[in-house]
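**Q**
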Amino acid sequence: MRIIAGIAKGTSLVAPRNRDVRPTSDRVREAIFSSLGDRVIGSDALDLFAGTGALGLEAASRGAQTVLFLEHSQPALTTLYTNIAAFKRHPGTPTVLTVRAVDVFSELAQLSRDGCAFSLMFADPPYGHIAQQLLDEPTLPSLLAGGGCLVLESAKRDVLVPPPSWQVFREAIYGDTHVSFLSANRAQ
């Protein structure tokens with residue numbers, strides 16, 4: 000696993016040796032970021048269920064100005080810190096990278112109370128009902144800045160039903176991974 004493009008292109012990323020963390024593959028990350036294009040440059044990004052940090056670090060490498068990583072699992076946090084250290088060894092990495100070792104759902108409520116807004120949000124939760132639970136979380140749409148994008152990964156077999164607060168504008172399947180690109184429906 001590596002960073003695919005940008006100022007830290009080619010940086011190797013490590014993953015914990017357990018089944019609890021399922022990093023986004025290089026192929027899927029490449030497709031995601033090809034779809035996002037220039038909207039990454041200058042963005043404020045939120046990496047939910049960050050795991051190895053591959054999505055947030057790819058965004059940072061491609062020009063995001065800030066990335067906030069949320070992760071609760073201790074093995075994943077250890078890996079995340081290792082990958083951030085490897086990323087920071089590259090000259091010219093001005094992105095502000097922040098890690099919060101928290102439960103994602105509790106922290107979403109806090110970020111909403113704090114009035115935070117992100118132009119990009121990445122979510123690669125454990126497969127199963129968590130992706131739907133995330134979409135149903137009432138505070139999540141308020142965290143997406145106007146014109147922003149939520150990139151949500153789920154298993155191909157998972158059936159997601161976005162509530163009215165979300166609008167899916169692009170979907171793709173890569174192997175067993177289903178990727179949804181969503182915007183917040185401000186008419187709600």
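Residue numbers (numbering that gives the first Met the number 0): 0 to 187.
A virtual CB, placed ideally from N, CA and C, is assigned to each residue, including glycine.
1) Count the C-beta pairs between the segment 115 to 132 and the segment 84 to 98 that are closer than 8 Å, then say yes if the count reaches three, no if not.
2) Excluding the five sequence neighbours on either side, which residues of its own chain have a C-beta within less than 6 Å of the C-beta of Gly62, listed in chain order?
3) If you reduce the DSSP assignment to three classes, tell me which class Asp135 lands in.
4) Say whether the segment 49 to 69 touches the segment 165 to 181, bearing in mind that this needs 3 or more beta-carbon pairs closer than 8 Å, one atom from each stretch.
5) Under the rule that 16 or more other beta-carbon atoms within 10 Å means buried, what is Val103, buried or exposed?
6) Pick from Ala84, Phe48, Asn184, Tyr80: whose alpha carbon is nearest that of His71?
7) Taking Lys8 as the reference, give the member of Ala144, Val27, Glu57, Asp157 with the closest Cα.
8) Return helix, strand or coil for Thr51, following the three-state DSSP convention.
9) State the Cα-Cα distance for the pair Gly36 and Val150, rounded to the nearest angstrom.
10) Can you tell which of Leu45, Ala100, Phe168, Arg156 has the C-alpha that lies nearest to the C-alpha of His111?
11) Which residue's Cα is closest to the Cα of Gly146: Arg99, Leu181, Ser33, Ala4?
12) Decide if Thr78 is buried, meaning its Cβ has at least 16 other Cβ atoms within 10 Å, or exposed.
13) Report the rounded CA-to-CA distance for Ser60 versus Ser33, giving the unit in angstroms.
**A** Walking through what the data contain:
1) no
2) Val39, Ile40
3) helix
4) no
5) buried
6) Phe48
7) Glu57
8) coil
9) 13 Å
10) It should be pointed out that residue 111 corresponds to Ser in this sequence rather than to His. Comparing Cα-Cα distances from Ser111 to each of Leu45, Ala100, Phe168, Arg156, the minimum goes to Leu45.
11) Leu181
12) buried
13) 14 Å
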